[in-house]
Structure formats: C-alpha cells, structure tokens
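>
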Amino acid sequence: CESVYEPFAGKASFAELLPEHTSYLGQEINTYLYELAKLRLKFLNRLDYDVELGDSFRLFLRGEMIVSEVPWGVRGSDGRENITSEFFFLKEAARSASKLSMGIYPYGVLFRTGKNEEEIRYDLVKNDLIDCVIKLPAQLYAPQTRVQACIVITNRNKARKGFVRFIDASTFVVPEKT
17 CESVYEPFAG KASFAELLPE HTSYLGQEIN TYLYELAKLR LKFLNRLDYD
67 VELGDSFRLF LRGEMIVSEV PWGVRGSDGR ENITSEFFFL KEAARSASKL
117 SMGIYPYGVL FRTGKNEEEI RYDLVKNDLI DCVIKLPAQL YAPQTRVQAC
167 IVITNRNKAR KGFVRFIDAS TFVVPEKT
C-alpha cells in the first residue's frame with residue numbers, strides 16, 4: 017500500500033516494518049507514547065513518516081491500509097455512541113480503509129453479545145468485508161495477560177467474494193520459559 021494509517025500508534029511499531037516508499041501516519045493520544053513514537057521514527061531515520069498527537073475516537077483518519085494493535089478494553093465515545101476501542105477500530109477501520117485493515121484484538125471480539133458489537137459484526141459480514149480471521153496463541157501476551165488474541169483483516173477487494181478464511185495459528189508458537 018502507498019499509505020498506512022495507525023490509530024492508537026503507541027510507539028509506532030508498525031512503521032518499522034514498512035517499505036520506505038510507503039507513507040505512514042500514526043496517531044496517539046498519550047503524550048508519553050507520542051514522544052516515544054517521534055523518537056523511534058527519528059532513530060529509524062524515517063523522517064518522512066509522521067505521528068500526530070490526537071484522539072482517534074474523535075478524529076479517525078483514512079489510508080489505503082489501516083493497522084493497529086488496538087488497546088483492549090478501553091471505552092470511548094466517537095460523539096455518537098459509547099463503544100469499546102476494539103469495536104470502534106473494527107468498524108472505523110473497515111469503513112475508512114480504501115483497501116485493507118488489520119487489527120489485533122482479544123479473541124472475544126468475535127463472540128461478545130453486546131448490542132452494538134453484534135450489529136458491527138453483522139454489518140461487516142453482510143457487506144463482505146471480513147477477509148481473514150487468525151487465531152493466535154493464548155500465552156502470546158503473557159505475563160501482561162493470558163487472554164487469547166486474534167487478527168481480523170478486512171479487505172475491500174477480496175479475491176474470493178462471500179468467503180472468510182479462518183486460520184488457527186494457536187499452535188504456531190513454541191512456548192519457552194522466558
């Protein structure tokens with residue numbers, strides 16, 4: 017993709033993985049993480065990349081690809097409704113990405129029964145936007161959390177219309193002591 021937007025940018029980790037010709041815009045509300053992201057981009061010599069200090073709930077931007085390791089369990093408001101950060105990102109990224117969006121979520125995002133949450137999942141499936149769901153290992157974020165994670169990828173230009181790929185990558189990691 018030519019342009020990548022990362023709301024909830026944190027330390028701008030995804031910027032490190034992008035090819036040089038890709039434009040990158042990160043957005044972070046936490047002042048400490050914002051400064052850390054700016055320093056990291058400078059250290060990586062990615063001076064053409066940018067990080068803005070801002071609230072992604074209030075101003076969600078656009079890009080060809082939208083990526084984020086979404087902060088889990090944070091509640092916010094986009095001015096219309098109160099919603100968790102996971103479902104806010106899932107809905108807004110699918111709507112705002114001109115090509116792809118990818119988010120890392122707690123696995124429960126696929127099954128929670130809140131009214132808004134069911135509607136968001138229903139709309140994504142009805143509009144054939146979900147391309148792939150990847151189940152990650154349960155201990156991936158230990159010791160911070162033992163909650164299992166998943167990656168949900170939306171795609172406006174799916175190769176196989178009407179299909180969703182499910183990948184169980186939960187056994188792809190070999191646990192170590194540290």
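Residue numbers for the sequence shown follow this note's numbering, so the first one is 17 and each next one is one higher. Using N, Cα and C, we set each Cβ at its ideal position, and we do this for glycine too.
1) Between the beta-carbon of G26 and the beta-carbon of L49, is there less than 9 Å?
2) Under a three-way DSSP split, which group does E134 fall into?
3) On the three-pair Cβ rule with 8 Å, is the segment 112 to 119 touching the segment 50 to 66?
4) Who are the Cβ neighbours of G124 in its own chain at under 8 Å, not counting the five residues just before and after it?
5) To the nearest angstrom, how far is it from the Cα of D66 to the Cα of R91?
6) Only counting the same chain, and skipping five residues up and downstream in sequence, which positions put a Cβ closer than 7 Å to that of I150?
7) Taking the beta strand (DSSP E) that Y40 belongs to, which residues open and close that run?
8) With DSSP as the reference, identify every bridge partner of T100, one or two as the case may be.
9) Taking the alpha-carbon positions, what's the I169 to N98 distance?
10) Please name the residue, chosen from T38, P153, F30, V180, that lies closest to E207 on a Cα-to-Cα basis.
11) Helix, strand or coil: which one does DSSP assign to T187?
12) Could you tell me which residues DSSP pairs with L77 in its beta bridges?
13) On a Cα-Cα basis, can you pick out the residue from L156, Q43, V20, E192 that is closest to L33?
Inspection of the coordinates gives the following:
1) yes
2) helix
3) no
4) V163
5) 26 Å
6) C166, I167, I183, A185
7) 39 to 44
8) Beta-bridge partners assigned by DSSP to T100: R91.
9) 23 Å
10) Missing from the structure shown is residue 207; the chain here goes from 17 to 194 and no further.
11) coil
12) For L77, DSSP assigns no beta-bridge partner whatsoever.
13) Among L156, Q43, V20, E192, the Cα nearest to that of L33 is on V20.
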